[in-house]
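S.K.: In the numbering used here, the protein residues as written are 10 to 230.
Just so it is clear, CB atoms sit at the ideal spot from N, CA and C, and this is done for glycine as well.
Quantities reported herein were computed from a predicted structural model and do not represent experimental measurements.
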Amino acid sequence: MIQKLFSYFIPIKIFKKKSSRSKIIEVTWANGELVLDSENTNYSYGSLQRILRYGLRNIGYDAILEMSHILVLGVAGGSVIKTLVDEIEYKGKITGVEIDPDMIEIANQYFNLKDIKQLEIVIDDAFEFVLKTKDKYDLIIVDIFEDIKMPNFLFESFFSNRICSLLKNQGFILFNTMILDEAHNVRNRKYISEINPKLFSSKMLPRIEVHNELIIIEKVE
């Protein structure tokens, strides 16, 4: 494909849409791969896929292969789901929660998310979903952004306690956060400090991208 070849020299935008939830959504050929971007940041594939792959590798691919149910809060184009299915060859169930139906439409059209049989997509607010769900999960991936902003509820103790309560024993939370200033550094350290150390171990991974910091929480009992 000529667009793919040219994208090694210059990004080639092939789709742009205004979304009520995500404002601008763009699909672009960049360095030979399709990526999904908002107005100011990468939403799926590209650098975001590298970040979440790094987090999954830290948890351990062998451990992930033994899991039976993974929850993804914030699907966008589905790059982390593709990593799970195509690269790790995870065979268990995946539930993806995405608030923006336009995003799922684009993910199905350009990134073939609809072809993943073990994936169930739920169009819902992540906060509402975690309050309602009766399931327990081996891994919860939290990757929720509104362009470059993260909703405040993600860092509130009520929400973190709730998602921790949805973990099976030895289950993990992989939380992708964006750091743009010192206040965000303070926010992340406060978040970690409020995790119950008797029930959970938690750590921040060294950054591989300037503005993203991954937090991993493991249920130890």
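1. What are the boundary residues of the beta strand (DSSP E) that glutamate 129 is part of?
2. By how many angstroms is the C-alpha of glutamate 35 removed from the C-alpha of glutamine 288?
3. Buried or exposed for tyrosine 17, going by 16 or more other Cβ atoms inside 10 Å?
4. Using a Cβ-Cβ cut-off of 6 Å (strictly less than) and excluding sequence neighbours within five positions of lysine 25, which residues of its own chain qualify?
5. Consult DSSP for methionine 187 and reduce its assignment to one of helix, strand or coil.
6. Consult DSSP for histidine 220 and reduce its assignment to one of helix, strand or coil.
7. Within 10 angstroms of the Cβ of valine 195, are there 16 or more other Cβ atoms? Answer buried if so, exposed if not.
8. Is it buried or exposed, alanine 192, if we count other Cβ atoms within 10 angstroms and call 16 or more buried?
9. Does the beta-carbon distance from glycine 87 to isoleucine 60 come in below 9 Å?
10. Considering Cα atoms alone, identify which of Met76, Leu175, Gln127 is closest to leucine 140.
11. When you compare only the Cα positions, how much space is there between aspartate 134 and methionine 187?
12. How would you call isoleucine 79, buried or exposed, if buried means at least 16 neighbouring beta carbons within 10 angstroms?
13. Does glutamate 42 come out as helix, strand or coil in the three-state DSSP assignment?
14. Output yes or no for whether 9 Å exceeds the beta carbon distance between aspartate 149 and isoleucine 97.
15. Helix, strand or coil: how does DSSP classify threonine 104 here?
16. Is DSSP giving aspartate 152 helix, strand or coil here?
17. Taking its Cβ as the centre, do 16 or more other Cβ atoms sit within 10 Å of serine 211, making it buried, or is it exposed?
18. On a Cα-Cα basis, can you pick out the residue from Ser166, Pro206, Glu107 that is closest to isoleucine 130?
19. Using 10 angstroms around the beta-carbon of glutamine 5, count the other beta-carbons present and answer buried if the total reaches 16, otherwise exposed.
20. What does lysine 25 pair with, by DSSP beta-bridge criteria?
21. For phenylalanine 138 and tyrosine 146, what's the separation of their Cα atoms in angstroms?
22. Per DSSP, what are the beta-bridge partners of serine 77 in this structure?
23. Which residues in the same chain as arginine 216 place their Cβ atom closer than 6 Å to its Cβ, once the five residues preceding and following it in sequence are excluded?
M.R.: Put simply:
1. 128-132
2. This structure leaves residue 288 out entirely; the chain is present only between 10 and 230.
3. exposed
4. Glu35
5. strand
6. coil
7. exposed
8. Its Cβ having fewer than 16 others within 10 Å, alanine 192 is exposed.
9. no
10. Leu175
11. 20 Å
12. Counting of Cβ neighbours within 10 angstroms places isoleucine 79 among the buried residues, the total reaching 16 or more.
13. strand
14. The amino acid occupying residue 149 in the given sequence is isoleucine; aspartate does not appear at that position. The answer is no: Cβ separation not under 9 Å.
15. strand
16. It is coil, neither helix nor strand.
17. buried
18. Residue Glu107 is the option with its Cα nearest to isoleucine 130.
19. Here the chain covers residues 10 to 230 and nothing more, so residue 5 does not appear.
20. Glu35
21. 13 Å
22. Looking at the DSSP assignment, serine 77 forms no beta bridge with any residue, so it has no partner.
23. Glu222
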